[in-house]
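Single-structure report; data block below.
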Amino acid sequence: MKNYVMCMLAVLTAASCLTAQDTLTIRSERIVDVCSSEKRWLIAPSLGRVTSQDSLMSFDITIGYDTLVTRPTDVLTEGTLSANLDFRPTMNLVIRGEMRIAGFNILNPMVGNKPLFAIAGEFLGTCTSEDLMTIPWPMDFNSEFKKMVTVYRIEPITAVANARTRMDVGTSFVADSAKINGKDSIGRVRVLMRLPNLSNTSVKARFSVADTAVLSVIGITATGATVESIVFLNGGVAEASLTQTGVSQPELEVSLANRTGRGRVATEIIASMNVIDTCSCVKAGLVDSMTVICENPMVSVLSSADKHNDNLKVSGLDIRCHCDYGQTNSINVFAITGQLVASTGEQKQHETFLSIESLPPGAYVVVGNCGDKRVVTMEIK
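Going by my numbering, the sequence shown opens with residue 31, and the numbers climb by one from there.
Right under this line is the structure:
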């Protein structure tokens, strides 16, 4: 019975050595900011709490790393179990992609709940890179060390891009204001994309109209940049995704449509920009706005004899309707009874023609339409 109890105690004693304390954890102590001037990382291997009974006198540990992402430079001992070693840890980088760290004491064992040591280095990757690290070879400790390290837990070295706002990056209108005459008329404004000291940068330009009953964005073109997509949202917002060509400073031409039938009304369009490169270190801080005045000037009724500025001209059997401001255009011919006898339908051109040669002799009312404005004249055939 006594021998059985002794065997059980021996088993329990051996099992107590294989606890969570026998896990070596490599902690990543710092998330690298790729936008900072110092792209440094820091890792610290730890065995958890180490007591004098554990008899830890030496260690020899190899950690595998990604040479495209990290470059080890320093072994640090302050605040670690290695701070008072007789032979402080040194790092060997002879084998590419492996850092081998070894240190030992002569008289006193290492004691405490601290990392064994720490390693610092330079980060070579981008904000999407990470170094998972490995343990390519079994760790070596002095033969008297009581713990049996069989489990490794490794936190990867990771990075982020904490972008900084720059007030010289963003959008600006070339002019302070613009005027668009006539409902459905099109006006164009120029916008500068300011990207100093940047190259091949992907951005999203956003144009927002304050009053969509007055004005809408209908088109965007670019020079000095490649436009990938344009999205129109509810007529009042347009977003253009584009990529800067080299180091050029792109210029956009934004097409705006007059949507109001009122005589004169003003609204505002706001231009802004977001840098959408994944690892960009820049936030656009420059935002600009422009006042756009939409007018509907009165269209006068002019006789066919007026050769200087004819809006509606009847010459023989041909009718010509000219719209000065690019509005939708149409010609309708009515008999005296009010019956519509000829029509061009709504046209997009600024100038429309219609012949009444096929109509029987008589009196006709000819109506030319430029947007919401009409020109009316009488014609006797």
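Built from N, CA and C at the ideal position, the CB exists for glycine as well.
Contact under 9 Å by Cβ, residue i with residue j
| i | j | result |
| --- | --- | --- |
| Thr-275 | Thr-297 | no |
| Ala-287 | Asp-214 | yes |
| Lys-177 | Asp-90 | no |
| Thr-290 | Thr-231 | no |
| Gly-398 | Ile-366 | no |
| Ile-56 | Met-163 | yes |
| Asn-192 | Phe-134 | no |
| Val-261 | Val-305 | no |
| Ala-239 | Gly-217 | First, the amino acid is wrong: residue 239 is Val here, not Ala. Result no, Cβ atoms of Val-239 and Gly-217 do not sit closer than 9 Å. |
| Glu-128 | Ile-93 | yes |
| Val-271 | Ser-285 | Inspection of the sequence shows that residue 271 is occupied by Ser rather than by Val. No, these two residues do not count as a Cβ contact at 9 Å. |
| Met-121 | Ile-165 | no |
| Val-295 | Asp-241 | yes |
| Glu-281 | Gly-315 | no |
| Phe-237 | Val-267 | yes |
Supposed close pair residue i, residue j - CB separation, criterion 8 Å
| i | j | result |
| --- | --- | --- |
| Leu-225 | Cys-324 | 31 Å between Cβ atoms; not a contact. |
| Val-396 | Ile-349 | 6 Å |
| Thr-374 | Ser-360 | 5 Å |
| Val-219 | Ala-208 | 5 Å |
| Pro-139 | Ile-131 | Between Ile-131 and Pro-139 the Cβ distance is about 18 Å, and since that is not below 8 Å, they are no contact. |
| Thr-188 | Cys-309 | That belief does not hold up - the Cβ atoms of Thr-188 and Cys-309 are roughly 13 Å apart, past 8 Å. |
| Arg-60 | Trp-71 | 6 Å |
Alpha carbon of residue i to alpha carbon of residue j, nearest angstrom
| i | j | result |
| --- | --- | --- |
| Ser-112 | Leu-146 | 6 Å |
| Leu-263 | Asp-161 | 42 Å |
| Ser-58 | Phe-203 | 47 Å |
| Leu-332 | Cys-400 | Annotation note: pLDDT 41 at Leu-332 (below 50); position unreliable, no value reported. |
| Val-124 | Ser-302 | 52 Å |
| Met-320 | Thr-195 | 23 Å |
| Thr-53 | Pro-75 | 10 Å |
| Thr-100 | Leu-106 | 17 Å |
| Lys-411 | Ile-210 | 38 Å |
| Asn-227 | Thr-156 | 19 Å |
| Gly-368 | Met-408 | 13 Å |
| Lys-403 | Ser-278 | 44 Å |
| Ile-300 | Val-322 | 11 Å |
| Tyr-394 | Val-371 | 9 Å |
| Leu-137 | Glu-174 | 13 Å |
| Asn-362 | Val-312 | 57 Å |
| Gly-142 | Thr-81 | 6 Å |
| Thr-201 | Phe-153 | 33 Å |
| Leu-384 | Gln-377 | 12 Å |
| Asp-96 | Pro-186 | 11 Å |
| Phe-364 | Thr-358 | 20 Å |
| Asp-104 | Cys-65 | 22 Å |
| His-352 | Ile-386 | 17 Å |
| Val-62 | Ala-243 | 49 Å |
| Pro-168 | Arg-183 | 14 Å |
| Glu-283 | Pro-102 | 50 Å |
Range covered by the beta strand (DSSP E) that runs through residue i
| i | result |
| --- | --- |
| Ile-165 | It is not in any beta strand (DSSP E) - Ile-165 carries neither H nor E in the DSSP assignment. |
| Phe-89 | 88-94 |
| Leu-54 | 53-58 |
| Lys-313 | 312-316 |
| Asn-435 | As shown, the chain starts at 31 and ends at 411. That puts residue 435 outside it, with no answer to give. |
| Leu-272 | 267-274 |
| Ala-393 | 393-400 |
| Ile-61 | That residue, Ile-61, is in no beta strand (DSSP E); it is neither H nor E in DSSP. |
| Ile-149 | 148-153 |
| Phe-134 | 128-134 |
| Asn-122 | 117-122 |
| Asp-84 | That residue, Asp-84, is in no beta strand (DSSP E); it is neither H nor E in DSSP. |
| Cys-157 | Looking at the DSSP string, Cys-157 is not in any beta strand (DSSP E), and its letter there is neither H nor E. |
| Lys-403 | 403-410 |
| Met-303 | 294-305 |
| Arg-70 | 70-76 |
| Arg-289 | Unbroken run through Arg-289: none, as it is neither H nor E. |
| Arg-101 | 100-106 |
The ligand NAP heavy atom lying under 8 Å from the CB of residue i
| i | result |
| --- | --- |
| Ile-91 | Ligands in the displayed structure: none, and consequently the ligand NAP is not present. |
Run through the stretch 185-257 for me and flag every whole beta strand (DSSP E) of 3 or more residues, listed as ranges in chain order. Listed in chain order, the complete beta strand (DSSP E) runs (minimum 3 residues) inside the stretch 185-257 are 187-190, 194-203, 207-211, 216-224, 232-239, 245-253.
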